[in-house]
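Undergrad: Right, I'll just put the structure down here and ask away after.
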Amino acid sequence: MNQFKFEGKLKMTFLVMMLIGVVSLAITFIGDDAVHSRFWSNILHNSVFFTGIAMLALFMLCAKITAFSGWHTVFKRVWESYSLFLVVGLVLMLIVAVGLWGHWHHLYHWNDAEAVANDPILQGKSGFLNKGWYTFGTIAIMGVWILIAGRIRSLSKQEDQSGDSSFSYHRKMRIWAAAGLPILGFTSAAMIWQWVMSVDAHWYSTLFAWYNAASMMVAMVALTIICLIYLKSKGYLTQLNQEHLHDLGKYMFAFSIFWTYLWFSQYMLIWYGNIGEETIYFKERLDNYRFLFFLNLGINFFLPFFVLMRNDTKRKYGTLIFTSIFLILGHWLDFFLMLKPGILHTTQEALAHSGAVEHAGHAFTAGFSLPGFLEFGTMIGFLGLFLYAFFFNLSRANLVPTRDPYLMESVHHHV
Amino acid sequence: MSAAPVSPIREPLVTGSKTYHQITEDLCAPTERAPSPAWVIAFIVALIALTIGVVSILYTIWVGIGSWNLNRTIGWGWDITNFVWWIGIGHAGTLISAILLLFRQKWRTGVNRAAEAMTIFAVICAALFPGIHVGRIWVVFFFFPYPNTRGPLWPNFNSPLLWDLFAISTYFTVSLLFWYTGLVPDFATVRDRAKGIRRKLYDLLSFGWTGNAKHWQRWESLSLVLAGLATPLVLSVHTIVSFDFATSVIPGWHTTIFPPYFVAGAIFSGFAMVQTLMVITRKVLRLEDYITIGHIESMNKVILLTGTIVGVAYLTELFVAWYSGYVYEQFAFFNRALGPYWWSYFGMMACNVLSPQVFWFKKIRRSVTWTFIMSIFVNIGMWFERFVIIATTLARDYLPSSWSFYVPTIVEIGIFVGTLGIFFTFYLLFTRVAPVVAIAEIKHILKSSGDQFARKNAEPVVQQVESGSLESTVVEHHDDEH
């Protein structure tokens with residue numbers, strides 16, 4: 044069984060998940076405030092999260108190819124298929140971008156012309172924070188990502204057909220992958236600043252982009268583990284075994300610690316410097332999102348740290364799946380916590396300004412203070428979309444790359 | 007036991023069809039023959055440099071910090087620049103040993119021993135500076151939090167300078183243990199070939215190693231445990247060095263990207279110094295079969311990677327300084343690029359970000375001459391980086407009335423030359439007493455990565471690629487219970 048069959052029941056599951064998402068979004072839209080901030084912030088949140096997973100899968104693939112990595116070869120088609128989700132991600136991010144032009148939403152403070160007119164700091168940033176750059180950056184940069192992902196995928200598929208032992212496809216792939224690393228390194232930062240950091244338009248942190256990438260990376264590895272175990276349970280990927288999962292478990296452990304390292308570096312330096320313009324970010328979250336703030340650390344650091352510390356937990360399906368599910372959820376919450384407070388603030392300003400309601404202050408706000416059923420429903424919808432695209436792409440090539448020059452090493456992998 | 011398949015894409019890591027015995031001969035030989043004239047000349051030069059350093063340090067202690075050109079605005083100059091530079095260099099060794107061991111990178115075996123040794127010598131050079139830069143060296147014990155007779159007076163536990171003390175001493179200890187643990191079986195090999203007093207000495211150094219199975223088993227678990235401990239330490243040391251700057255509220259220092267960016271820069275500079283040393287060592291000690299062009303190429307790739315990461319960080323800082331809308335932050339970076347020290351900023355950018363880009367070309371990556379020249383460039387560039395961060399930033403503070411300029415005195419330059427002397431003296435001695443390449447570890451990879459086995463190991467891979475059938479990929483696995 045080297046061809047994955049994407050069949051009725053599984054397709055149906057993902058379609059139902061997407062339906063749950065659509066219904067959640069519809070309910071959110073109807074019950075929302077005047078500027079539909081809950082609806083739009085949920086779209087942005089999930090679009091960024093799943094696009095990020097696809098982007099990090101591409102990054103991982105480029106790193107693996109460049110570093111002559113062999114062990115991941117049996118399941119490299121999974122990461123290839125993840126990276127192809129970037130096409131869907133582009134559409135999702137464009138919906139947000141078009142919303143900027145049509146003023147459908149108030150996700151970004153800097154897109155409010157009146158606010159900018161009275162705010163010298165926003166004026167100073169307007170060369171970067173404007174809808175033109177947002178749209179152009181999204182299209183151009185994601186376009187380049189999609190190009191790299193597409194080239195690597197197509198070379199990988201061609202290699203399956205060729206059977207040439209001079210490994211010419213592999214050489215070409217290496218050129219794309221090596222070029223991909225610095226391109227992704229530079230451009231991902233630019234996109235993260237615009238998509239995520241600029242919801243708190245005044246605030247800045249140089250570490251922010253790397254912190255985001257680490258968060259996406261953990262979620263990506265966690266999702267990979269779940270999908271691999273699923274495929275194996277269905278009788279696919281017979282060559283994949285505990286050795287590969289053990290190494291993925293190590294990645295999940297190591298990147299969780301790396302994420303914590305960046306979390307701590309950012310928090311500690313801002314706390315220590317005690318400059319109001321910077322501390323406001325954490326003050327807001329500690330005052331009004333206290334539970335989520337600590338939950339974030341609990342799930343994303345303490346849980347993997349203690350569960351995955353031992354050798355054997357990285358080799359058992361049960362503990363791996365348990366940790367993976369929590370980590371996907373945990374990093375989804377991390378993005379929730381990065382996006383929602385800033386958006387709520389912008390929304391309240393917009394609402395107060397239009398005279399619709401009084402400035403709400405810090406009262407509990409559904410969908411902002413804590414994620415509710417509608418947020419989880421939306422997430423399930425996006426996850427369904429991601430998995431649908433993933434399994435669809437997975438079914439369009441050999442599951443195991445039969446002529447990859449590293450395949451035999453990967454099959455014999457032993458940690 | 008037949009070796010596992012190895013893809014023919016991989017280069018052999020041991021060339022010259024070596025047998026186990028030849029490996030022992032080749033790697034022990036430098037410790038057994040009389041030093042070459044080149045070694046003697048190099049050693050004399052290193053000793054002269056060391057002497058200059060000792061004299062300069064003694065002069066500093068005698069006269070006081072007034073013998074340096076620091077002033078009330080620029081309180082840190084070459085002292086802390088050199089400190090950070092040396093600490094950075096001390097990163098490659100433990101990185102190669104620990105992280106590459108965890109990542110199962112076989113090419114580390116050619117260079118790990120020398121890189122670990124280099125780490126230890128570099129950390130010694132670095133540790134010198136905090137000690138002398140306080141001026142009154144006789145109260146340097148104030149650094150240490152010990153139950154004291156000073157009443158309630160303790161070091162400030164909230165200060166990253168104190169964290170530095172813990173970080174560096176921990177790092178030094180673990181690096182030393184790691185290096186020495188690796189040396190034990192090799193010392194035993196040297197002992198078994200030696201006679202008389204040499205034999206006694208190496209017997210002592212090798213802790214009576216007999217090479218029985220239990221020894222190897224414990225040795226391997228200890229190596230893994232130390233690797234696991236050393237990996238977070240590689241990150242923590244330079245992270246804490248970066249805190250020395252980033253916890254302040256000085257524009258240009260207070261920025262959150264400092265911790266990971268310092269770590270990347272440290273690995274970058276460390277690998278450059280490894281290249282500088284290895285290119286010479288492999289030639290002088292005739293180790294080209296163990297430190298191959300493939301090893302050099304791999305290290306050049308790491309240099310290209312980390313140089314580019316540092317480049318991303320530089321541009322991030324520059325961009326966010328503009329983006330912040332914070333006028334002091336903007337001025338700090340304007341001043342770095344176009345202020346009185348503009349040349350050091352451009353030196354830094356040219357050496358660290360632009361020049362490693364030549365390693366995109368395979369020809370240059372595999373050229374020994376280019377590698378040597380580029381490694382010197384990076385060493386210079388990373389020194390400039392620290393100078394830019396320290397002197398440039400301090401030279402222009404909030405009050406224009408206290409703006410100033412700094413050039414080092416001959417004493418400060420003498421101390422720097424002296425640390426180079428210490429470093430090379432130790433390194434040269436090391437090449438005489440210990441095998442520069444880890445004998446046991448090279449033997450361990452011979453069957454998988456020796457050139458005479460390459461064709462045989464690649465056979466299953468070639469068959470697989472040509473047939474494209476998955477039948478041969480079904481391997482018996484003893485899956486754990488789950």
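Going line by line, the protein sequences match chains A and B. Residue numbering for the first sequence follows my numbering, starting at 44 and increasing by one per position. Residue numbering for the second sequence follows my numbering, starting at 7 and increasing by one per position. Virtual Cβ for every residue (Gly too), placed ideally from N, Cα, C.
Using 8 Å for Cβ pairs, my map puts residue 85(A) next to residue 421(A). What's the rounded Cβ distance?
TA: About 5 Å; that satisfies the 8 Å criterion.
Undergrad: List the residues of chain B that residue 253(A) touches, going by C-beta distances under 8 Å, in chain order.
TA: Chain B residues near residue 253(A): 263, 266.
Undergrad: Any beta-carbon of chain B closer than 8 Å to the one on residue 168(A)?
TA: Yes, residue 168(A) counts as interfacial toward chain B.
Undergrad: What in chain A is Cβ-close to residue 330(B), meaning under 7 Å?
TA: 247
Undergrad: Under a Cβ-count criterion, where at least 16 other Cβ atoms within 10 Å of its own Cβ denotes burial, should residue 355(B) be classed as buried or exposed?
TA: The residue in question, residue 355(B), is buried, as its Cβ has 16 or more Cβ neighbours within 10 Å.
Undergrad: At 4 residues or longer, and completely inside the stretch 381-456 of chain A: list those alpha helix (DSSP H) runs for me, N to C.
TA: 416-437, 450-454
Undergrad: Quick one: what's residue 46(A) bridged to in DSSP?
TA: 441(A)
Undergrad: Report yes or no: do three or more beta-carbon pairs, one from the stretch 167-180 of chain A and one from the stretch 106-116 of chain A, lie closer than 8 Å?
TA: no
Undergrad: How would you label residue 231(B), buried or exposed, when you count the other beta carbons within 10 angstroms and need 16 or more for buried?
TA: Exposed: under 16 other Cβ atoms inside 10 Å.
Undergrad: What in chain A is Cβ-close to residue 16(B), meaning under 7 Å?
TA: Per Cβ cutoff of 7 Å: 111.
Undergrad: Would you say residue 94(A) and residue 140(A) are within 8 Å of each other, going by their C-beta atoms?
TA: no
Undergrad: What do you get for residue 277(A), buried or exposed, if any count of 16 or more other CB atoms within 10 angstroms of its CB means buried?
TA: By the neighbour-count rule (16 or more Cβ atoms within 10 Å), residue 277(A) is not buried but exposed.
Undergrad: Consult DSSP for residue 1(B) and reduce its assignment to one of helix, strand or coil.
TA: Because chain B is modelled from 7 through 488, residue 1(B) falls outside the range shown and cannot be assessed.
Undergrad: Would you mind telling me which residues of chain B sit closer than 7 Å to residue 33(A), beta carbon to beta carbon, in chain order?
TA: This structure cannot settle anything about residue 33(A), because the visible part of chain A is limited to 44 through 458.
Undergrad: For residue 413(B), does the three-state DSSP call read helix, strand or coil?
TA: coil
Undergrad: With burial defined as no fewer than 16 other Cβ atoms inside 10 Å of the residue's Cβ, what is the status of residue 27(B): buried or exposed?
TA: exposed
Undergrad: Strictly by DSSP, which residues pair up with residue 456(B)?
TA: 20(B)
Undergrad: Restricting to Cα atoms, I'd like to know which of 251(A), 209(A), 414(A) is closest to residue 234(A).
TA: 251(A)
Undergrad: Can you pull the chain B residues whose beta carbon is under 8 Å from the beta carbon of residue 175(A), in chain order?
TA: Neighbours of residue 175(A) on chain B: none; closest Cβ ~17 Å, over 8 Å.
Undergrad: Would you call residue 253(A) buried or exposed, if buried means 16 or more other Cβ atoms sit within 10 Å of its Cβ?
TA: buried
Undergrad: Would DSSP call residue 402(B) helix, strand or coil?
TA: coil
Undergrad: Taking 8 Å as the threshold (beta carbon to beta carbon), is residue 341(B) in contact with chain A?
TA: no
Undergrad: Who are the Cβ neighbours of residue 488(B) in its own chain at under 7 Å, not counting the five residues just before and after it?
TA: Low local confidence applies: a pLDDT of 45 at residue 488(B) is under 50, so the model's placement there is unreliable, and no value is given.
Undergrad: I need the DSSP call for residue 27(B), collapsed to helix, strand or coil.
TA: helix
Undergrad: For the stretch 217-250 of chain B, list every residue whose C-beta sits within 8 Å of some C-beta in chain A, in sequence order.
TA: 238, 241, 245, 249
Undergrad: Less than 8 Å between the C-beta atoms of residue 329(B) and residue 247(A), yes or no?
TA: yes
Undergrad: So does the stretch 198-216 of chain A actually touch the stretch 263-273 of chain A, counting three or more Cβ pairs closer than 8 Å?
TA: no
Undergrad: Taking the alpha-carbon positions, what's the residue 7(B) to residue 25(B) distance?
TA: Note that residue 7(B) has pLDDT 40, beneath the 50 cutoff, so the model's placement of it is unreliable and no number is given.
Undergrad: Helix, strand or coil: which one does DSSP assign to residue 162(B)?
TA: coil
Undergrad: When Cβ atoms are compared, which residues of the stretch 65-82 of chain A fall closer than 9 Å to chain B?
TA: none
Undergrad: Strictly under 8 Å for the Cβ-Cβ distance: is residue 426(B) near chain A by that measure?
TA: no
Undergrad: I need the DSSP call for residue 239(A), collapsed to helix, strand or coil.
TA: Residue 239(A) carries a coil assignment under DSSP once its states are collapsed to helix, strand and coil.
Undergrad: Please give me, in chain order, every unbroken run of the alpha helix (DSSP H) with length at least 4 that falls completely inside the stretch 335-408 of chain B.
TA: 348-354, 368-371, 374-393
Undergrad: Going by Cα to Cα distance, which pick from 161(A), 359(A), 241(A), 288(A) is closest to residue 453(A)?
TA: 288(A)
Undergrad: Within the continuous alpha helix (DSSP H) that includes residue 345(A), where are the two ends?
TA: Per DSSP, residue 345(A) lies in no alpha helix (DSSP H) and is assigned neither H nor E.
Undergrad: From residue 430(A) to residue 74(A), what distance separates their C-alpha atoms?
TA: 28 Å
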